[in-house]
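All letters in the sequence shown, in the order written, are residues -23 to -1, 1 to 536 by mature numbering (1 follows the signal peptide of the UniProt record, and there is no 0). For each residue, glycine too, the CB sits at the ideal point set by N, CA and C. Quantities reported herein were computed from a predicted structural model and do not represent experimental measurements.
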Amino acid sequence: MHRGIVLSVVALPLFFVCGQAQNSIPKNWYQMDHSQDSFYGISLNRAYDFLKDKKRKSTPVVVAVLDSGVDTTHEDLKNMLWHNPKEIPGNGIDDDGNGYVDDVYGWNFLGGKDGRNLKRAPDERARIFHKWKSRFEGKPDTSAFSPVDKDHYQAWTKAVNELNFSPDEQMELMILDITCKALKRHDKVLRHEMGCDEYTCDKLEKFEPVSRLGKEAKLAYLTSMKMIGIPDEERNSETNVSILGQLEEYVEGKKAAFDSKESVKDNRAEIVQDNYNSLTDRFYGNNDVMGPSPMHGTHVCGLIGAQRGNHIGIDGVADNVKLMMIRVVPDGDEYDKDVALAIRYAVDNGAKVINMSFGKYYSPEKMWVDSAVHYAEMKDVLIVHSSGNESYNLDTTVGYPNPWLKEWNTNAGNFITVGASSDPRINGSIAADFSNYGKTHVDVFAPGVKMYSTLPGTHTYGNQQGTSMSAPVVSGLAALIRSYYPELSAVQVKKIIEQSVLIPDASVPSFKPGDKKSVVSFSDLSKSGGIVNAYNAVKLAEQYKVTTDIKKNTTKANR
């Protein structure tokens, strides 16, 4: 999936941004207006001022968040969560008859009926390698293969090649593993000497250890933090627990990937106990939408719809949303079946926008996901998807899910793919260095660097980065439009978002993602060529003519 940590030692894809970041960057920079504040945000306050002047009233919009889980107790989210109106909490009965017992806040497709949760899963290439190894190994002659077998063989050979890790990659992992273990040892010493379990680097710098061991641990810890690329301004928002937890998670995931060619451990059959090969076996899982790893999903939810105007934490992009949590993302690659069923669950339970901040580069059951995307399109539901954090050109590298519907020989009109933008004062470029891009296959960019939002823990907030953070900005904007202009269809909202982007001046520097030596035109990195802009979008929505095409199509949708 599209998650990880940005480090200077190894190329990992998310959370802490390296570069020219400064302490003066406001926490809500991504909501600001370039003409008024000089930051390349989305002009959110100007949008709300416009709606107020037009005396527009909002209606509630349900946004489904397909992710790792959400902290349902968070002070800035608990009032914004979707509640299934037909379900009585905790009675152990499927009150609404939809097949999912006690689905009060949403559903967890990575759980078992006994309450257990699937936390970690192999990446898709490892699953493909072992699934088809006995069929394809040693069989280079594909002339007798069916078209389906040829597709499977092509995916299998690609997986074989990618599972051959280079000596440099192995060395990088070894260094990172040693660093992680050393940090944990230093952390144990520091927690004892400081008399607290959590601290930031900033707090540690001000602390004066008494013992020689404490002094050595402080120096080693802070030196290692700089080595793995955490800039100064992150030190007030990321604690030792958060940093070490993310680092350990990445290392363990990378180790599993390195070992996956020899064997792959997939506990899905034991824990979830569904028949994975049958899409009709769909009533599995449990109602634990928090799950064991809710950090990613909690941060995403806050960006979309943290309670506005309550004078705590942050203000989400949309002011009248209900967040439906559907857990489909483990530590590792998501399963196509879960994604397909989650989309259908969201549609059937009233979502008008679906946020999908995940992705991968293999999709063996793409037809299941395609069918669900098409179902959402026929039901007038907008899907917003993150482009990915590998600095890939998606015009030449295929990522999944994507809007191409092979069976229908067309692109879904309700599917937006989002890249990550930044601001020159953060890292010297408009485009985020890690973001995937593509003139044809990425629709828009949205802020995705130094994004301050909710984190697990009642009063906890912090910065993360990635296209995983860009997608919820767009989902929040889509929900905002659908809330104040409910007569507009999903396809129309997509067009409005694309047609209302802010295109930065050509003089503003933008490096090609993944290559800071190559200056490119930002307008060449996506179809729209710009950054989503809420003010421009609501102005355009005010002028948009309503058509009934989508309304008519909804009657044709079949499960």
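Query raised in the report: Nearest to Ala353 by alpha carbon, out of Thr49, Gly83, Val468 and Ile248?
Result: Val468
Query raised in the report: If you draw a straight line from the C-alpha of Ala234 to the C-alpha of Ile205, how long is it?
Result: 21 Å
Requested in this report: Starting from Ala423, trace the beta strand (DSSP E) both ways and give me its first and last residue.
Outcome: Val421 to Pro424
Query - contact_flag[the segment 218 to 232, the segment 68 to 88] where n(CB pairs < 8 Å) is 3 or more - result: no
Query raised in the report: Is it right to say Val421 is buried, meaning 16 or more other beta carbons lie within 10 angstroms of its own, or is it exposed?
Result: buried
**Report entry** Residue(s) in a DSSP beta bridge with Ser363
**Finding:** Val395
Report task. Look at the Cβ atom of Trp345, then the Cβ atom of Lys314, and state whether they are nearer than 8 Å. Result -> yes
Query raised in the report: If we count the other Cβ atoms within 10 Å of its Cβ and call it buried at 16 or more, is Val125 buried or exposed?
Result: exposed
**Report entry** For Asn297, the three-state DSSP class (helix, strand or coil)
**Finding:** coil
Report task. Mark Gln(-2) as exposed unless 16 or more other C-beta atoms lie within 10 angstroms of its C-beta, in which case mark it buried. Result -> Reliability fails at Gln(-2), whose pLDDT of 43 lies under 50, so the model's placement of it is uncertain and no value is given.
Query raised in the report: Is DSSP giving Val218 helix, strand or coil here?
Result: helix
Query raised in the report: Touch check for the segment 448 to 456 and the segment 60 to 70: three-plus C-beta pairs under 8 Å?
Result: no
Query - Distance between beta carbons of Glu175 and Asn241, contact taken as under 8 Å - result: One point to set straight first is that residue 241 is Val, not Asn, in the sequence displayed. Contact flag wrong, Cβ pair sits at about 35 Å.
Query raised in the report: What's the C-alpha gap between Tyr312 and Glu101?
Result: 8 Å
Query raised in the report: Who pairs with Val228 in a beta bridge, going by DSSP?
Result: Looking at the DSSP assignment, Val228 forms no beta bridge with any residue, so it has no partner.
Query raised in the report: Does the distance from the C-beta atom of Pro486 to that of Val496 stay below 8 Å?
Result: yes
Report task. Please list, in chain order, all residues of the same chain as Asp347 whose beta carbon is under 7 Å from its beta carbon, the five residues on each side excluded. Result -> Leu382, Lys383 and Glu384
Query raised in the report: Residues in its own chain within less than 6 Å of Thr156 by CB, not counting five upstream and five downstream?
Result: Ser201
Query raised in the report: Quick one, are the C-beta atoms of Val509 and Ile474 less than 8 Å apart?
Result: yes
**Report entry** Glu185 versus Gly83: straight-line alpha-carbon distance, rounded
**Finding:** 47 Å
Query - Outcome for Glu367 when other beta-carbon atoms lying within 10 angstroms are tallied against a minimum of 16 - result: buried
Report task. Use the C-beta contact count for Thr49: other C-beta atoms within 10 angstroms, 16 or more gives buried, fewer gives exposed. Result -> buried
Query raised in the report: What is the rounded straight-line gap between the Cα of Phe142 and the Cα of Gly439?
Result: 34 Å
Query raised in the report: What are the start and end residues of the alpha helix (DSSP H) that includes Ile105?
Result: Glu101 to Phe113
**Report entry** Cβ neighbours of Asn252 in the same chain (closer than 8 Å, five flanking residues each side left out)
**Finding:** Asp258
Query - From Arg168, Gly290, Gly268 and Asp296, residue whose alpha carbon lies closest to that of Ile281 - result: Asp296
Query raised in the report: Hey, would you say Leu371 sits closer than 8 Å to Val330, going by beta carbons?
Result: no
Query raised in the report: Residues bridged to Ser1 by DSSP?
Result: BP columns for Ser1 are empty, so no partner.
Query - Own chain, CB closer than 6 Å to Leu256, minus 5 neighbours either side, in chain order - result: Trp345
Query - Rounded C-alpha distance that separates Leu28 from Gly46 - result: 32 Å
Query raised in the report: Roughly how many whole angstroms lie between the Cα atoms of Gly191 and Leu199?
Result: 12 Å
Report task. Confirm, please, whether the CB-CB distance from Ser363 to Ser398 is below 8 Å. Result -> no
Query raised in the report: If you draw a straight line from the C-alpha of residue 537 to the C-alpha of Pro424, how long is it?
Result: No statement about residue 537 is possible, as the shown extent of the chain runs from -23 to 536 and does not include it.
Query - Three-state class that DSSP yields for Trp59 in the structure shown - result: coil
Query raised in the report: Would Leu196 be called buried (16 or more neighbouring beta carbons within 10 Å of its own) or exposed?
Result: exposed
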